[in-house]
Amino acid sequence: MFSKAHTIKPKKKAEKGTIRYDLHNFFEKAKSGDIINGVKCPEGQNLYEWLSVNGFDFLDEIQLLYSPISDLCTPSNCPQMNAGPQFEYLWMVDKKPTSMPAQQYCSELFIWASELFDDQSIFPEEFKDKPPKKFMDTITKIFKRLIRVYAHMFYSHMDDLKGNGNDQVAMQSFQHFFFFCREFKMLSKDDIAPLEPIINEMCKEHGVPVFLEK
């Protein structure tokens with residue numbers, strides 16, 4: 001269970017009539033429509049604003065998926081943040097890669113990402129033609145780490161997701177997440193390795209290659 005300090009952060013409210021409000025609606029529509037084209041930046045919109053809004057919405061969505069199973073993702077049940085026996089994810093503690101229970105890892109990840117999204121030197125309220133210097137490296141790193149939560153949930157908690165009726169929701173969410181990352185080249189082959197069988201099936205179903213040409 002998340003401690004009080006680690007509770008899920010409420011979604012930033014975007015006021016109706018603002019660009020962020022419109023982009024959030026595009027995010028929601030992409031989940032149920034033509035997902036390959038739906039993840040593309042809408043015509044006339046700022047690319048960096050699109051990446052930012054989607055990144056924050058995915059963080060919010062992943063936290064909501066993980067929260068109901070966090071009580072079952074205990075240090076005794078999940079002593080490592082992994083995706084099966086072949087893949088373990090380490091968290092940097094004092095600049096040292098450190099093994100930790102999955103629940104603690106996810107909590108650290110959610111706090112880390114939320115604090116970055118709150119940093120207006122990286123994620124300003126309004127983007128210009130060029131993003132802040134650290135923007136692309138930061139948003140890419142966030143996506144590379146968020147996919148690890150999907151991987152852990154699918155390997156270690158699929159029965160729990162089914163038990164609370166969220167298995168199909170989680171798969172739909174991951175499909176949206178992956179095709180968004182694919183469109184903007186956020187993930188490497190190593191990043192997707194634990195979920196490659198699922199990703200191959202999704203791409204086959206949509207008739208597209210796993211990676212876009214660079």
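According to full-length UniProt numbering, the sequence shown is numbered sequentially starting from 1. Every residue gets a Cβ at the ideal spot worked out from N, C-alpha and C, and that includes glycine.
Rounded straight-line distance, which links the Cα of N54 to that of L47: If you take the alpha carbons of L47 and N54, they lie about 11 Å apart.
Nearest-angstrom Cβ-Cβ length linking F135 and I147, presumed shorter than 8 Å: Contact between F135 and I147 does not hold, since the beta-carbon distance rounds to 19 Å and is not under 8 Å.
Neighbourhood of P68 by C-beta distance below 6 Å, restricted to the same chain and skipping five residues each side: Leaving aside the five residues that flank P68 on each side, the residues in its chain whose CB is nearer than 6 Å to its CB run, in chain order, N164.
With 16 other Cβ atoms within 10 Å as the buried cut-off, status of V39: Here V39 is buried, its C-beta having at least 16 other C-beta atoms within 10 Å.
Segment contact flag, the region 146-161 with the region 193-203, C-beta cutoff 8 Å, min 3 pairs: By the Cβ test, the region 146-161 is in contact with the region 193-203, since at least three Cβ pairs between them sit closer than 8 Å.
Residues that DSSP places opposite W91 in a beta bridge: In DSSP, W91 forms a bridge with T98.
Identity of the residues DSSP links to N46 by a beta bridge: Per DSSP, N46 has no beta bridge partner at all.
Cα-Cα separation between L64 and C41, rounded to whole angstroms: The C-alpha of L64 lies about 25 Å from the C-alpha of C41.
From C73, I36, F180 and D129, residue whose alpha carbon lies closest to that of F56: Looking at the Cα atoms, F180 is the closest of the given residues.
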